[in-house]
Amino acid sequence: MLRPFRSAVTCLAGGVARGAELLVAGSADSSVRVFRILAAKNQYPLVKSFRESSSVPAVDAVWLEGHLVLAAYSDQVLKVWSLASGACLRRLASGHTDTIAGVAVGPEAFYTAAHDGTLRRWHFA
Numbered sequence: 024m025l026r027p028f029r030s031a032v033t034c035l036a037g038g039v040a041r042g043a044e045l046l047v048a049g050s051a052d053s054s055v056r057v058f059r060i061l062a063a064k065n066q067y068p069l070v071k072s073f074r075e076s077s078s079v080p081a082v083d084a085v086w087l088e089g090h091l092v093l094a095a096y097s098d099q100v101l102k103v104w105s106l107a108s109g110a111c112l113r114r115l116a117s118g119h120t121d122t123i124a125g126v127a128v129g130p131e132a133f134y135t136a137a138h139d140g141t142l143r144r145w146h147f148a
């Protein structure tokens, strides 16, 4: 069992980067953490941790052009993080008027859903 957070895990996404299976988790303790899955050994070493001042209601992993993590925060802001450097590459005001409840990623765009009853489409460019 893995217990890397101080409070509730609020969201989870999986992906593959450079042949490594990864797990991304967001928490009410305001952190997003990326773990490598070593299922044969039942181990999940921490790869990277991103920390914010608000709770993280939704997160999804995006693996394109340098390994990105997309996180949606309770203040209706989306952030794109670099898995390699840990830097925040982009901060986007979502346009939602309530907490973002989910993030989905497609080949050319990503989508957000919020408690305000809206869905939004975002382009990667």
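Whatever position you read off the sequence shown (first residue = 1), add 23 for the numbering used here.
All C-beta atoms in this analysis are idealised placements derived from N, C-alpha and C, irrespective of residue type, glycine included.
All of these numbers come straight from a predicted model, not from anything done at the bench.
Looking at C-beta atoms only, is the number of pairs between the stretch 60-69 and the stretch 100-110 that lie closer than 8 Å three or more? Result no; under three Cβ-Cβ pairs closer than 8 Å.
Pull up the CB-CB distance for L93 and V128, whole angstroms please, since I reckon it's below 8 Å. Sequence index remark: in the sequence shown, residue 93 carries index 70 (1-based). Sequence index remark: in the sequence shown, residue 128 carries index 105 (1-based). So it is a contact: roughly 7 Å between Cβ atoms.
Buried or exposed (CB count within 10 angstroms, at least 16 for buried), G140: Along the sequence shown, one-based indexing puts residue 140 at 117. G140 counts as exposed, since fewer than 16 other C-beta atoms from the protein chains shown sit within 10 angstroms of its C-beta.
For A132 and F147, which I take to be in contact (beta-carbon distance under 8 Å), what is that distance rounded to the nearest angstrom? Looking up residue 132 in the sequence shown gives position 109. Looking up residue 147 in the sequence shown gives position 124. The Cβ separation is near 7 Å, so the contact holds.
Along the chain, where does the beta strand (DSSP E) containing R36 start, and where does it finish? Sequence index remark: in the sequence shown, residue 36 carries index 13 (1-based). According to the sequence provided, residue 36 is Ala. The question's Arg does not apply to it. Annotation for A36: the continuous beta strand (DSSP E) segment containing it runs V32 to A40.
In the structure shown, what three-state DSSP assignment does A63 receive? Taking the sequence shown and counting its residues from 1, one reaches residue 63 at position 40. A63: helix per DSSP, three-state reduction.
Give the range of the beta strand (DSSP E) segment to which V103 is assigned. The residue labelled residue 103 in the question sits at position 80 within the sequence shown. Its beta strand (DSSP E) spans residues V100 to S105.
Since S54 sits in a beta bridge, which residues does DSSP pair it with? Here residue 54 corresponds to residue number 31 of the sequence shown, with the count starting at 1. According to DSSP, S54 bridges with R74.
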